[in-house]
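Student: Just dropping this structure here.
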């Protein structure tokens, strides 16, 4: 009986069949989580770049906007801060398209103007 058990254990220790399957079952979840983390980090960087581009566009518009020019030309005055928020969030003047980043709203953008003297 002990001889049979000894032979079975010895055969089990030196048998190489199935080791690749065991190694893959241990490594695959880790590799899957690592690759998912890399893709998620890429999406985060992409959203950051879209947000920076939108805020840059909105700030550029706000710096050049002058509502008095519209009233002097006989047109209705525009709200430069609201238009700048539309450009920052939606990428257009009217704010009609979907936002650059899903879930980003005009309330998330704050415009603070300084007066130069």
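Numbering (my numbering), first residue to last: -17 to 99.
Built from N, CA and C at the ideal position, the CB exists for glycine as well.
Keep in mind that this is a model prediction, so the values were computed, not measured.
Confirm, please, whether the CB-CB distance from residue 72 to residue 84 is below 9 Å.
Tutor: no
Student: Does the separation of the CB atoms of residue 56 and residue 91 fall below 9 Å?
Tutor: no
Student: What residue range is occupied by the uninterrupted alpha helix (DSSP H) comprising residue 10?
Tutor: 1 to 46
Student: Under a CB-based cut-off of 9 Å, is residue 19 close to chain D?
Tutor: The displayed structure is made up of one protein chain only, and chain D is not part of it.
Student: Is it buried or exposed for residue 50, if we count other Cβ within 10 angstroms and need 16 for buried?
Tutor: exposed
Student: So the candidates are 54, 35, 58; which of them puts its Cα closest to the Cα of residue 66?
Tutor: 35
Student: Within 10 angstroms of its Cβ, does residue 89 collect 16 or more other Cβ (buried), or is it exposed?
Tutor: exposed
Student: With 16 as the cutoff for other CB atoms within 10 Å, does residue 70 come out buried or exposed?
Tutor: buried
Student: By the three-class DSSP mapping on this structure, what secondary structure does residue 95 have?
Tutor: Residue state, collapsed to three classes: coil.
Student: My output table needs one value for residue 68: the three-state DSSP class, helix, strand or coil.
Tutor: Three-state DSSP puts residue 68 in a helix.
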